[in-house]
Amino acid sequence: MHRKKYGNLVGHGTRRRRSPWLPWVIASLAMVCCTASAATVDERRGDCGEDFCPRDAVFQTAPLQALMAGVLESPVTFATGLRHGDFGLGGMSPLDGEVIVVDGMPYHAREDGSIRRVDPGERTSVLIVKHFQPDTSARLAAIRDLDDLVDQLDAAAGFHNRIHAVRIDGRFDTIRLRSVPRQSAPYVPVTTVVQSQKVFEMEQVDGTLVGFRFPAWARGINAPGYHFHFVDEARERGGHVLDIAGRSMDAQIDTSRAVTVMTPDDPLFDNMDFDSSGESIQYRRALRPDAKEGRP
Numbered sequence: 055m056h057r058k059k060y061g062n063l064v065g066h067g068t069r070r071r072r073s074p075w076l077p078w079v080i081a082s083l084a085m086v087c088c089t090a091s092a093a094t095v096d097e098r099r100g101d102c103g104e105d106f107c108p109r110d111a112v113f114q115t116a117p118l119q120a121l122m123a124g125v126l127e128s129p130v131t132f133a134t135g136l137r138h139g140d141f142g143l144g145g146m147s148p149l150d151g152e153v154i155v156v157d158g159m160p161y162h163a164r165e166d167g168s169i170r171r172v173d174p175g176e177r178t179s180v181l182i183v184k185h186f187q188p189d190t191s192a193r194l195a196a197i198r199d200l201d202d203l204v205d206q207l208d209a210a211a212g213f214h215n216r217i218h219a220v221r222i223d224g225r226f227d228t229i230r231l232r233s234v235p236r237q238s239a240p241y242v243p244v245t246t247v248v249q250s251q252k253v254f255e256m257e258q259v260d261g262t263l264v265g266f267r268f269p270a271w272a273r274g275i276n277a278p279g280y281h282f283h284f285v286d287e288a289r290e291r292g293g294h295v296l297d298i299a300g301r302s303m304d305a306q307i308d309t310s311r312a313v314t315v316m317t318p319d320d321p322l323f324d325n326m327d328f329d330s331s332g333e334s335i336q337y338r339r340a341l342r343p344d345a346k347e348g349r350p
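Under the working numbering, the first residue of the sequence shown carries the number 55, and numbering increases by one thereafter.
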């Protein structure tokens, strides 16, 4: 497994750009350094400095706390987000189904799980992406359920205080997915939205599992633990993963030590009261309402 070398903790203060193409506030957060290692592919990239590699950072168009509070639309386009990553997941604006980004292409899983390609000019309520370059791969044993998958990935990835992007391609025996209906103002918190989610299952399906694992320190920015979306190989069906089972297969893991969060320049976001508690727990419950107590 490669260790990506950036140096010590770095951070960039918030600043507002008023160019015609990027009227948003950008805040960058990075993790504490581990031990240095030999040169990696990332260090040979032109945008990588001694302490920080922007191309390896996870890029997020809004903090997930905003989604929890009911900020379900945004002026941010997919074109903006996809400049910073070719792999990820998120939601439409206003919130409508689920979004999966694979090989640079964004897909929208509608309420019924049917897939369509997203136009770059469409807007996203939140998008989490990175330029996917796996640091390691792991051969997973047969996957009994989602908890088993999480345990196997944790053992393979290590470094639980870093961010991991995970990609698994293969045939899944069963997969239980959900999607949510399109929302309209006045918006409600996402925990209320998922009460009307549509759940469906697929069997013996080839496809791609797209996931991120955020550490505990990321509360507010994102929800600690894993978040998975799925799209089938034919790019016809997909959604948010509630449970999964499958045969032995390889997982690719891309580890990052930095996350860049962009906050939308939008009155809905600017006027929202974020001075509250419990959003991360509520979001985890929204992602996995049947998760065992104490699990991320």
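Quick reminder that beta carbons are idealized off the backbone N, C-alpha and C, glycines included. Small disclaimer: the values here were computed from a predicted structure and weren't measured.
Item checked: As assigned by DSSP and simplified to three states, the class of Met146 -> The residue given as residue 146 occupies position 92 in the sequence shown. Looking at Met146 - three-state DSSP - the assignment turns out to be strand.
Note to self: So, at 8 Å on beta carbons, what are the nonlocal neighbours of Ala272 in its own chain, with the 5 sequence-adjacent residues on each side left out?
What the structure shows: Taking the sequence shown and counting its residues from 1, one reaches residue 272 at position 218. Excluding residues within five positions, the ones whose Cβ falls inside 8 Å are Ile217, Pro278 and Val313.
Next item on the list: Would you kindly work out how many angstroms separate the C-alpha atoms of Leu341 and Phe254, rounded to a whole number?
Entry: Counted from its first residue, the sequence shown places residue 341 at position 287. Counted from its first residue, the sequence shown places residue 254 at position 200. As the crow flies, the alpha-carbon of Leu341 is around 15 Å from that of Phe254.
Check: Which word fits Asn167, buried or exposed, when buried means at least 16 other C-beta atoms lie within 10 angstroms of its C-beta?
Finding: Reading the sequence shown from its first residue, position 113 is the one you call residue 167. The sequence given here has Gly at residue 167, not Asn. Answer is buried; the Cβ neighbour count reaches 16.
Next item on the list: Check whether the Cβ atoms of Ala219 and Ser310 lie closer than 8 Å to each other.
Entry: As a position in the sequence shown, residue 219 is number 165, starting the count at 1. As a position in the sequence shown, residue 310 is number 256, starting the count at 1. Against a cut-off of 8 Å, the Cβ pair of Ser310 and Ala219 comes out as a contact.
Next item on the list: May I ask you to report which of helix, strand or coil DSSP gives Leu118?
Entry: Mapped onto the sequence shown, residue 118 falls at position 64. If DSSP states are grouped into helix, strand and coil, Leu118 belongs with the helices.
Check: From this set, Ser128, Thr228 and Gly139, which residue's C-alpha is nearest Ala111's C-alpha?
Finding: As a first step, residue 111 is located in the sequence shown; it is residue number 57 there, counting from the start. That would be Gly139, whose Cα lies nearest to the Cα of Ala111.
Notebook entry, point to check: Going by beta carbon distance, what residues of the same chain come within less than 6 Å of Tyr241, once the five residues before and after it are set aside?
Noted result: Taking the first residue of the sequence shown as 1, we reach residue 241 at position 187. Around Tyr241: Gly124 and Leu126.
Check: Under 7 Å from any heavy atom of the ligand ADP, does the C-beta of Asp166 make it?
Finding: The ligand ADP is not part of the structure shown, which contains no ligands of any sort.
Notebook entry, point to check: Among all the DSSP beta bridges, which residues are the ones paired with Val155?
Noted result: Indexing the sequence shown from 1 puts residue 155 at position 101. DSSP lists Gly142 and Pro160 as partners of Val155.
Notebook entry, point to check: DSSP on Gly292, reduced to helix/strand/coil?
Noted result: Within the sequence shown, residue 292 is the residue found at index 238, counting from 1. Strand.
Note to self: Rounded to whole angstroms, what is the Cα-Cα separation between Pro343 and Leu296?
What the structure shows: Position 289 of the sequence shown, counting from 1, holds the residue named residue 343. Position 242 of the sequence shown, counting from 1, holds the residue named residue 296. Linking Pro343 to Leu296 through their CA atoms gives a straight-line distance of about 8 Å.
Next item on the list: Quick one: grab the DSSP three-state call for Arg342.
Entry: Residue 342 sits at position 288 when you count from the first residue of the sequence shown. Residue state, collapsed to three classes: coil.
Check: Quick one: is His214 buried, meaning 16 or more other Cβ sit within 10 Å of its Cβ, or exposed?
Finding: Counting from one through the sequence shown, the residue named residue 214 turns up at place 160. The residue in question, His214, is exposed, as its Cβ has fewer than 16 Cβ neighbours within 10 Å.
Margin query: Less than 8 Å between the C-beta atoms of Asp260 and Arg225, yes or no?
Written below: Sequence index remark: in the sequence shown, residue 260 carries index 206 (1-based). Sequence index remark: in the sequence shown, residue 225 carries index 171 (1-based). Using a Cβ distance threshold of 8 Å, Asp260 and Arg225 count as a contacting pair.
Next item on the list: May I have a chain-ordered list of the beta strand (DSSP E) segments no shorter than 3 residues that lie completely inside the region 182–235?
Entry: Those beta strand (DSSP E) runs which fall completely within the region 182–235 and span 3+ residues are 190–194 and 217–233.
Notebook entry, point to check: Helix, strand or coil: which one does DSSP assign to Val247?
Noted result: As a first step, residue 247 is located in the sequence shown; it is residue number 193 there, counting from the start. Three-state DSSP puts Val247 in a helix.
Check: Is it true that the CB of Ala305 sits closer than 8 Å to the CB of Leu207?
Finding: Here residue 207 corresponds to residue number 153 of the sequence shown, with the count starting at 1. Here residue 305 corresponds to residue number 251 of the sequence shown, with the count starting at 1. It is a contact, given that the beta carbons lie within the stated cut-off.
Check: DSSP three-state call for Gly135: helix, strand or coil?
Finding: As a first step, residue 135 must be located in the sequence shown, where it is residue number 81. Of the three classes helix, strand and coil, the one that applies to Gly135 here is helix, per DSSP.
Item checked: Top-ranked residue by Cα proximity to Asp201, from Phe282, Gly135 and Gly145 -> Within the sequence shown, residue 201 is the residue found at index 147, counting from 1. Ranking Phe282, Gly135 and Gly145 by Cα distance to Asp201 puts Phe282 first.
Item checked: DSSP state of Asp110 mapped onto helix, strand, coil -> Stepping through the sequence shown from its first residue, residue 110 is reached at position 56. Helix, per DSSP.
Check: Does DSSP classify Leu322 as helix, strand or coil?
Finding: Residue numbering aside, residue 322 sits at position 268 when the sequence shown is read from its first letter. It is helical.
Notebook entry, point to check: Considering only C-alpha positions, which residue in the set Gln249, Asp286 and Leu136 is nearest to Arg109?
Noted result: By 1-based counting over the sequence shown, the position of residue 109 is 55. It is Leu136 whose Cα lies nearest to the Cα of Arg109.
Notebook entry, point to check: Terminal residues of the continuous beta strand (DSSP E) containing Tyr280?
Noted result: Along the sequence shown, read from residue 1 onward, the residue named residue 280 stands at position 226. Tyr280 -> beta strand (DSSP E) spans Gly279 to Asp286.
Note to self: In the DSSP output, what is Asp260 paired with across the bridge?
What the structure shows: Sequence index remark: in the sequence shown, residue 260 carries index 206 (1-based). In the DSSP output, where bridge partners are listed per residue, Asp260 has Arg225.
Next item on the list: Pick helix, strand or coil for Ala270, following the three-state DSSP scheme.
Entry: Position 216 of the sequence shown, counting from 1, holds the residue named residue 270. When secondary structure is reduced to three states using DSSP, Ala270 falls in the helix class.
Checklist line | Ala305, DSSP secondary structure in three states | finding: The residue you call residue 305 lines up with position 251 of the sequence shown. DSSP, reduced to helix, strand and coil, places Ala305 within a strand of the structure shown.
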